[in-house]
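Residue numbers (my numbering), protein chains in the order written: chain A, 1 to 306; chain B, 307 to 833; chain C, 834 to 1169; chain D, 1170 to 1533. To start, the structure itself, in structure tokens.
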Amino acid sequence: EPALIFDLGGKFDKSFNEAAFSGATRWSEETGGSFREIELQSEAQREQALRRFAEAGANPIVMTGFAFGNVLSEVAPDYPDTKFAIIDMVVDAPNVRSVVFNEHEGSYLVGMMAAQASKSGTVGFIGGMDIPLIRKFACGYVQGVKAVNPDATVIQNMTGTTPAAWNDPVKGSELTKAQISQGADVVYAAAGGTGVGVLQTAADEGILSVGVDSNQNHLHSGKVLTSMMKRVDNAVYEAMTAGVDLETGFNVMGVANGGIDYAMDEHNAALVSADMKATVDAAKDQIASGELAVHDYMSDNSCPVE
Amino acid sequence: MTAPAIELKGISKAFGPVQANKDISISVQPGTIHGIIGENGAGKSTLMSILYGFYKADAGEIFIKGKKTLIPDSQAAIAAGIGMVFQHFKLVENFTVLENIILGAEDGAMLSTSLSNARRELKHLAEEYGLNVDPDAVIENLSVGHQQRVEILKALYRKAEILILDEPTGVLTPAEADQLFRILDRLRAEGKTIILITHKLREIMEYTNTVSVMRRGQMTATVKTEETSPEHLAELMVGRKVLLRVDKAPAEPGATVLDIKGLRVVDDKGVERVKGIDLAVRAGEIVGIAGVAGNGQSELLEVLGGFAEGTGTILMNGSEIPLSGHGADGQTRRAVGISHVPEDRQREGLIMEFSAWENTVFGYHHAPEIQNGLLMDNKGIFAEAEAKMERFDVRPPDPKLAAKNFSGGNQQKIVLAREIERNPDLLLIGQPTRGVDIGAIEFIHQQIVNLRDQGKAILLVSVELDEIMSLSDRIVVMFDGHITGERDPGQTNEKELGLLMAGITDTSTVAGNGNTTPPEQEVHANG
Amino acid sequence: MDFLTLLQVLDTSVRLATPLLLACLAGLYSERSGVVDIGLEGKMLAAAFFAAAFAFYSGNAWVGLLAGVGASIVLSIIHGLASVTFRGNQLISGVAINFLAAGMTVLAAQSWFRQGGRTPPLEGAARFNPIELPFAIGPNDAAAAERPLSQLIAEAGPFQQFYSELISGHSILVYLALLTVPATWWLLFRTRFGLRLRAVGENPAAVDTAGISVVWLRYGAILICGILCGVAGAYLSSALQAGFVKDMTAGRGFIALAALIFAKWRPVYALWACLLFGLFQALELRPDIIENLTGMKVQVQLLGALPYILTVVILAGFVGKAIPPRASGEPYIKER
Amino acid sequence: MDKMPKWADIVLIPLISLLLAAFFSALVILAIGENPIEALNLMIDGALMRSAGWGYTLYYATNFIFTGLAVSVAFHARLFNIGGEGQAMLGGLGVALVCLYIPWPHWSLSILGASVGAALFGALWALIPAYLQAKRGSHIVITTIMFNFIAAALLNYVLVEMLRPVGAMDPASAKFPDATHLPSFQDMFSTAETPLFRGAPANVTFFLSLAACLLVWVLIWKTRLGYEIRAFGQSETAAKYAGISPVRITVIAMLISGALAGMMSVNTTMGESERLILNSTEGAGFIGIAVALMGRNHPFGVLLAAVLFGFLYQGGAELALWTSIPRELIVVIQALVILFTGALDNMVRHPLEKLFIALRRRNA
Ligand SMILES: Nc1ncnc2c1ncn2[C@@H]1O[C@H](COP(=O)(O)OP(=O)(O)OP(=O)(O)O)[C@@H](O)[C@H]1O
Ligand SMILES: Nc1ncnc2c1ncn2[C@@H]1O[C@H](COP(=O)(O)OP(=O)(O)OP(=O)(O)O)[C@@H](O)[C@H]1O
Ligand SMILES: [Mg+2]
Ligand SMILES: [Mg+2]
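Right, here's the structure in full:
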């Protein structure tokens, strides 16, 4: 029986964790299998949850979020017969599968989309916790925006420096208002649960937003330009499907292998013109073929564009 | 005879294990001043608070003008025409006089009309009774005497027919007290009924029509004032014949132990309480400081005891002791041979929650002989406490009992045992017999005299003139932070001291030793 | 910083100051009556949850508000029982109430909605939406002009900017909270109830011997406190935000307490104190402004901690002494 | 005469209060549609029936012993130290600095160093509120609350801007060197045949906390300082009369209190996570209040109450793991315990007092 551990943001963050959940649900619907799950409420629970699931025979154990990295590297060797999958972090152990995503590529695509949709030439980015991973989102996004409109302004804000930043919709909302007043007319939220507030406020104030991780277009139909999809659901689904035969090691999901994409559906069809879509799809093909390399912030902890 | 203004029947009240009032009945005629006397803790205030609806009686009935009346709260008491001036005033300190007066007696939900009505009414009352106070003054800026006026005005504003005053003169100067009684006389003449609680037998004898005596929660007698005498009342109060006279040989003063020069004390509100005092106390004498409470005596003791700061010079056995900053604390004072029986044993002298044995080293807990390495020698302290309690006849002689569980007199004995047995060069002692029964008073006085006879210096502060007169070898009178005179107890009388206590230094008309009131009669009223 | 930016920051300040102000006034009633309340946080939190939950079920924000106020009052009554009826330690009671709310809201949210301790998002009439005052430029004008609202406002004259950006466009609860300030001042200093309330916080024995029930007065104050905290909580979850999330009060109850000290227990000062703390929170969202103004990078952590630091400085008496109502914190004990 | 016998005060009342709290907790569990008996079984099973469960229970208990002692030492001086949380956070910083920047040859030395660091930083964080209370009369409850928030901001800053290794995501310090690894119960008591306390975080710090209990007991009841602290707590005026400086005692009591609160971080930061993480205190500072209240401010009582809360914590975690009851249930239980043993104490006490007085009257 596989197990899934959600990080502090919670299962229903409408984004990262929820994507994992939907992957697991898809697996259980298709196979009729059941899985164990827990939403972490505190730091101290991380290790306990891992160990208790491992001891109870759960296999594989999938966890979402980089914060498990440290703990997992300690726990994994104690349970050599259990397979672990960690998303967003690399843990070097023989029984661990590390799944990381090329978020910068997806962010680049939605950045292009945002720049084309913007009338004011100013777009916004609201990150969750200020960590390299989120800067990677930001950097990809800025590159995408500038690729379409080199004169565009990108306003960037981070919600906070603690994990609470993943779950602070009030602040997300206020940051959005602040960005709107600075002229932004498209905002991209890469902020977990905080993004709920961003999308809400953008909808309230009549500007466009860009969702993240899951397809969030439906949250405010006709007001969400698109979503940067990080197929965490696929990663979880694959891990659960593989079961005890889970292939361990390093696994990069990007535009090329469908791990990263942007969302198109009936909710945003009216917002995205054929022109816009064509431009973005062209870039997508180039990235997939390796023709276009988007700079990864985490490769050198810096971003070539502001 | 008309129906009594008030009649209480079978009133009982217990505070937890303490039976404060036991089956008390009393009746007060209209248009009279009715006195109530009794030792501290006899239950006087409790009884009156029940009448005023402040406490609820456990049992008993109240009749007002012959009609049975339920008084579940003060609202009902006020409605029944009762007003009360408490021992500790019940005023909102940062409100104005006017606001205090209308509080609870407003006309209508809006303040402005209430205030203007009250202002008018107050003017009336002030003219009628000579009760002048500025309606816009803030209470905390008023003198105690004025605050008391506000309390009386509060009652009159509520149309009180029956006025209860709980120890109204304890905080007043003799002149202020006289003025109060003139007002009370006027009220009585108007047909109002007044109940007066006091410790002062003279006030009872001079102003009341009838007097009730309480003892240990019970009413022991009610008599017409003209048919009784101070001796008789004293006997009723303590339950046996008392004749208290301290036997002591004439003092043989030795070297100066304590020498105070130009002492000034400013309290934490910034008010100067002691305004330049020079005073010396020699070995083998008791110097008594007389004065109305609040004239700087307490502050004097506190500075000497090291728990208030002052300026000036104090020499102890010839060497100067610090009056502020480092070294101005109780520990250091004790180290130079000053012991201190504080005025308020419950708030200062004892830790009420501590057991008796722990209290026997309170203040001396740093003494080297009770240490056992890094720890305190608890076993030794306990054994020593047992012995001390034996010697001072503390009852019950159980060192494990918490201090709060001893009676006032026995608490005082614990403090005395601790302070006297340290064998100090100088004993500071404030209100040594406040709230102590007569038997214990005798014992305590004897201990003080014994210490003197061992050649120790003693500085005594007491508001009881009689205690001062019978114990002291020298009397110093304080008024408003100054020393207004020094007298030989054999060469003075109460009248003269009274004038000095009121700040009048020209006492030639009353000087001399022709005592008008023999001290031993009044001593009983110490309670 | 240009005028419009200033307005925007002030606008945010007002929005963020509103829950602080309501909670601060709530605390003012309680403490003026002699009951110290460090449970403001908990009451707001409970109210935030119940307001969101009931608004979600009913689709009506006012129903939610009522439920929130109800929840807050229940906690108030517990506090009253502990500190007035049973004369217990008011601080400990406040601590307990904060924990109770923190735990119960998540338990209830989880058990009702199974969404990890949050309520589903509120939409439409389930929220208190911004009110557009007459003649103000609002989203409707923007929709009509098919241009972003921010542009329309940027092009307007300074007075219209001031009016549309700062004055108009808040939820009804914001205006309500602002009205509460003069109302409180009037109640406190111009009415019989106010006189008694202030008296009972200074010297309950005086009130008691004047024939007024200390218990009922204090319960009255505690009740008002509950109502105001309830509105504050409802504002958080159904006006400022669209739904409840765990611990969403985020220390606002304590900032309100700090503001109360800052305001020296006076209603009008309370308004200024809360606006100031609201401004800090607004600036925390706009590090760019501070950087432009001061020319250096200011740590967001410092900004976040500023209300607390200021309160300590004030408590230390370096900026005027804050003297609380004399009887506050002490249970009124007649008989030992 | 006392209103009731001593045993009633120290055993009966807390027991009844606890039962009340338990009763209402059961109601809460019922209200969210779960079975309280089953929940209790699950908690006992997970916390007490396995050695690893005990390992967690005692790990949490260690934290609560420290914070409970911290609150109770301050309580003895009538100071309500609500700032244990902040003091513990700063204590963690002390531990981290000691462990990261001093090369330790062996854990036995490093635990001493870390304890000093933790105590020092914790005490320092209590010093300002203490000083302000003593010298300027600023209410210590409010200042310590404020200092909790300031501590959180400070720690956040230090971790994010200073201690976080380059490129790391967590706001956490680097891992401490191996020489600072404290023996866990598993290291100490497990053998190859009988593995015990597997993976549980309880470690040698537990014994440190027991020592702290003993030391606090000696301090409070056997030393002059303790005598002065208790005397000051009972009556400030009397203390002044006895020459006990209120400023000195306030400051010293708070320093000890802060030091004890800080020491809990030896357990969490050094014993468990082996690096400084943002929220390692997780409310233990506040639980100290409940523990001190329940334990009647006596170190032995604190020990018992801490183990009880350790059980609640571990049991609660188990509940969250295997049922849909969220971990917040513990927070509710904790609130109820504080409410009934602290704030509503008189609700139980007054009827009991009346009962005992009536009994005595009848016997007399
Ligand atoms: N509020 C109270 N709670 C508990 N016990 C009380 C209370 N008030 C008074 N007592 C106790 O009841 C007894 C009677 O007290 P009361 O104040 O009535 O005496 P009193 O005759 O007025 O004394 P005094 O002359 O000192 O004013 C005392 O033992 C006192 O300790
Ligand atoms: N509704 C109001 N509108 C404008 N100013 C006001 C209002 N109420 C009070 N003020 C002024 O604001 C300041 C603070 O008022 P607040 O009500 O806090 O105390 P206050 O009325 O001055 O209290 P106090 O009666 O104790 O002096 C005062 O200068 C007051 O005159
Ligand atoms: Mg009395
Ligand atoms: Mg606006």
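Even for Gly, the Cβ is constructed at its ideal location relative to N, Cα and C.
Self-check item: B:G349: CB within 7 Å of a non-hydrogen atom of ligand 1
Solution: Checking every heavy atom of ligand 1 against the Cβ of B:G349, one is found closer than 7 Å.
Quiz item: What in chain B is Cβ-close to D:R1393, meaning under 8 Å?
Solution: Neighbours of D:R1393 on chain B, chain order: H671, H672, Q677, M682.
Self-check item: Heavy atom of ligand 1 within 7 Å of B:Q393 beta-carbon
Solution: Under cutoff, so the answer is yes.
Quiz prompt | Minimum C-alpha distance to B:V519 - residue among B:E512, B:Y513, B:T504, B:E532 | solution = Nearest C-alpha to B:V519: B:T504.
Quiz item: Does ligand 1 have even one heavy atom less than 7 Å from the beta-carbon of B:F369?
Solution: Between ligand 1 and the CB of B:F369, the shortest heavy atom gap is not smaller than 7 Å.
Quiz item: Exposed or buried, what is D:R1465 when buried is set at 16 or more other beta-carbons lying within 10 Å of its beta-carbon?
Solution: With 16 or more Cβ atoms within 10 Å of its Cβ, D:R1465 is classed as buried.
Quiz item: Would you say D:A1230 and D:G1368 are within 8 Å of each other, going by their C-beta atoms?
Solution: Not closer than 8 Å, so no.
Self-check item: Under 9 Å (Cβ pairs) to chain B, residues found in the region 1038-1061 of chain C
Solution: Answer in chain order: A1038, A1039, V1040, D1041, T1042, A1043, G1044, I1045, S1046.
Quiz item: What in chain D is Cβ-close to C:F932, meaning under 8 Å?
Solution: Taking the beta carbon of C:F932 as reference, the chain D residues within 8 Å of it are F1455, V1500, V1501, Q1503, A1504, I1507, listed in sequence order.
Practice problem: Put B:M807 into one of helix, strand or coil per three-state DSSP. | Solution: If DSSP states are grouped into helix, strand and coil, B:M807 belongs with the helices.
Practice problem: Would you tell me roughly how many angstroms separate the C-alpha atoms of B:A691 and D:A1292, rounded to the nearest one? | Solution: Roughly 37 Å separates the two Cα atoms.
Quiz item: Apart from the five residues just before and just after C:R1159, which ones in its own chain have a Cβ nearer than 6 Å to its Cβ?
Solution: Excluding residues within five positions, the ones whose Cβ falls inside 6 Å are E1035.
Quiz prompt | Proximity test, B:V324 beta-carbon vs ligand 1 heavy atom, cut-off 7 Å | solution = Between ligand 1 and B:V324, a heavy atom-to-CB distance of less than 7 Å is present.
Quiz prompt | Sufficient close CB pairs (3 or more, under 8 Å) joining the region 1259-1273 of chain D to the region 1305-1313 of chain D | solution = No: fewer than three Cβ pairs fall under 8 Å.
Quiz item: Among all the DSSP beta bridges, which residues are the ones paired with B:L621?
Solution: B:L621 is bridged to B:D565, B:E626.
Exercise. Reducing DSSP to helix, strand and coil, say where D:P1354 ends up.
Key: A small fix is needed here, since residue 1354 of chain D is Phe in this sequence, not Pro. It is helical.
Quiz item: Does DSSP put C:T851 in a helix, a strand or coil?
Solution: The DSSP-derived three-state label of C:T851 is helix.
Quiz prompt | Where C:G937 meets chain D, residues with beta-carbon distance less than 7 Å | solution = Note on identity: in this sequence residue 937 of chain C is Met, with Gly being the wrong assignment. V1501, listed in chain order.
Practice problem: Starting from C:Y996, follow the alpha helix (DSSP H) in both directions and report where the run begins and ends. | Solution: No alpha helix (DSSP H) contains C:Y996, which DSSP labels as neither H nor E.
Quiz prompt | Proximity below 8 Å, CB of C:G1162 to CB of C:Q923 | solution = Taking 8 Å as the Cβ cut-off, C:G1162 and C:Q923 qualify as a contacting pair.
Quiz item: Which value, in whole angstroms, describes the spacing of the CA atoms of B:F360 and B:R522?
Solution: B:F360 and B:R522 have their C-alpha atoms some 20 Å from each other.
Exercise. Can you check DSSP and say which residues form a bridge with A:V100?
Key: Among the bridge pairs identified by DSSP, A:V100 is matched with A:V252.
Quiz item: Measuring CA to CA, which of A:L4, A:I5, A:A189 is closest to A:M229?
Solution: Taking each of A:L4, A:I5, A:A189 in turn and checking the Cα distance to A:M229, the smallest one comes out for A:A189.
Exercise. Take C:G945 as the anchor and find which of D:I1213, D:P1298, D:G1202 has the nearest alpha-carbon.
Key: The sequence given here has Trp at residue 945 of chain C, not Gly. Here the closest residue by C-alpha is D:G1202.
Quiz item: Of the choices B:G344, B:S778, B:G787, B:F785, whose alpha-carbon is the least far from that of B:R793?
Solution: The option with the nearest alpha carbon to B:R793 is B:S778.
Quiz item: Hey, is D:L1513's beta-carbon within less than 8 Å of any beta-carbon in chain C?
Solution: Nearest CB-CB separation between D:L1513 and chain C: below the 8 Å threshold.
Quiz item: What is the DSSP secondary structure of A:P304, reduced to helix, strand or coil?
Solution: Residue state for A:P304 is assigned as coil, using DSSP reduced to three classes.
Self-check item: B:L449 in three-state terms, based on DSSP
Solution: At residue 449 of chain B the sequence reads Ser, which differs from the Leu that was named. The answer is coil: DSSP assigns B:S449 none of H, G, I, E or B.
Quiz item: Under 8 Å between C-beta atoms, does A:A178 make it to chain C?
Solution: The beta carbon of A:A178 sits closer than 8 Å to some beta carbon of chain C.
Quiz item: Quick one, are the C-beta atoms of A:F84 and A:S107 less than 8 Å apart?
Solution: A:F84 places its beta carbon 8 Å or farther from that of A:S107.
Quiz item: How would you label B:M416, buried or exposed, when you count the other beta carbons within 10 angstroms and need 16 or more for buried?
Solution: Exposed.
Quiz prompt | Short Cβ contact (8 Å threshold) for D:V1506 with C:M937 | solution = Cβ distance not < 8 Å, so D:V1506 and C:M937 don't count as in contact.
Self-check item: Local conformation of A:Q116 per DSSP, three classes
Solution: When DSSP states are grouped into helix, strand and coil, A:Q116 belongs to the helix group.
Practice problem: In the DSSP assignment, find the unbroken alpha helix (DSSP H) run with C:I910 in it and report its ends. | Solution: It spans 894-913 - the alpha helix (DSSP H) in which C:I910 sits, taken as one unbroken run.
Self-check item: Where the region 460-494 of chain B meets chain C: residues whose CB sits under 7 Å from a CB there
Solution: Going along the region 460-494 of chain B in chain order, one finds no residue with a Cβ nearer than 7 Å to chain C.
Quiz prompt | As assigned by DSSP and simplified to three states, the class of B:R520 | solution = The sequence given here has Met at residue 520 of chain B, not Arg. The three-state secondary structure of B:M520, taken from DSSP, is strand.
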